[in-house]
Amino acid sequence: MYSRNKHGLPFASFVGVNHHGKSTLLGCALMGNEKICCFEWVFKQWLRCMGSPPQAIITDQCKSMFGAIKNVLPDTRHPGAYDT
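Just so you know, full-length UniProt numbering puts 8 at position 8 of the sequence shown, and the rest follows in order with no gaps.
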């Protein structure tokens with residue numbers, strides 16, 4: 001879901017797969033930090049723009065991101081949903 005730029009700021013990219021099986025950039029965000037509130041803001045903007053949550057999301061192991069997904073995208077499948 002995200003990486004860091006040379007200034008250490010988290011960069012989130014939203015990539016989907018089209019009907020030809022090709023990767024498609026759907027959106028991106030440059031974030032100020034990795035707090036839950038920042039990830040929640042990004043996911044809320046996603047919902048606002050796209051109109052519906054993604055069916056599934058693949059992320060790294062960022063606990064803040066898992067918390068935001070749980071709060072904002074509760075019906076979206078993701079690996080962290082099954083961790084205890």
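For every residue, glycine included, the Cβ atom is placed at its ideal position computed from N, Cα and C.
Take residue i and list the residues in its own chain whose beta-carbon comes closer than 7 Å to its own, dropping the five residues that flank it on each side.
i: Gln-68; result: The residue you asked about is not Gln; residue 68 is Ala in the sequence shown. Excluding positions up to five away in sequence, the list reads Ile-36, Phe-39, Glu-40 and Phe-43.
i: Arg-77; result: Gln-55 and Ala-56
Going along the chain, which residues of its own chain have a beta-carbon closer than 8 Å to the beta-carbon of residue i, five neighbours each way excluded?
i: Val-17; result: Ser-23 and Thr-24
i: Asp-75; result: Pro-53
i: Val-15; result: Ser-23, Thr-24, Leu-25 and Leu-26
Tell me which residues share the same chain as residue i and place their Cβ nearer than 6 Å to its Cβ, disregarding the 5 neighbours each side in the sequence.
i: Ser-13; result: Cys-28
i: His-19; result: none
Along the beta strand (DSSP E) that carries residue i, what are the first and last residues, could you check?
i: Ser-13; result: 10-17
i: Ala-29; result: 23-30
Let's see if you can read the secondary structure: which residues bound the alpha helix (DSSP H) around residue i?
i: Cys-38; result: 36-50
i: Gly-67; result: 63-72
Mind reading off the beta-carbon distance from residue i to residue j? Whole number of angstroms is fine, and I expect it under 8 Å.
i: Leu-9; j: Gly-32; result: 7 Å
Inter-stretch contact at 8 Å, needing at least 3 Cβ pairs: the region 37-57 / the region 18-25: no
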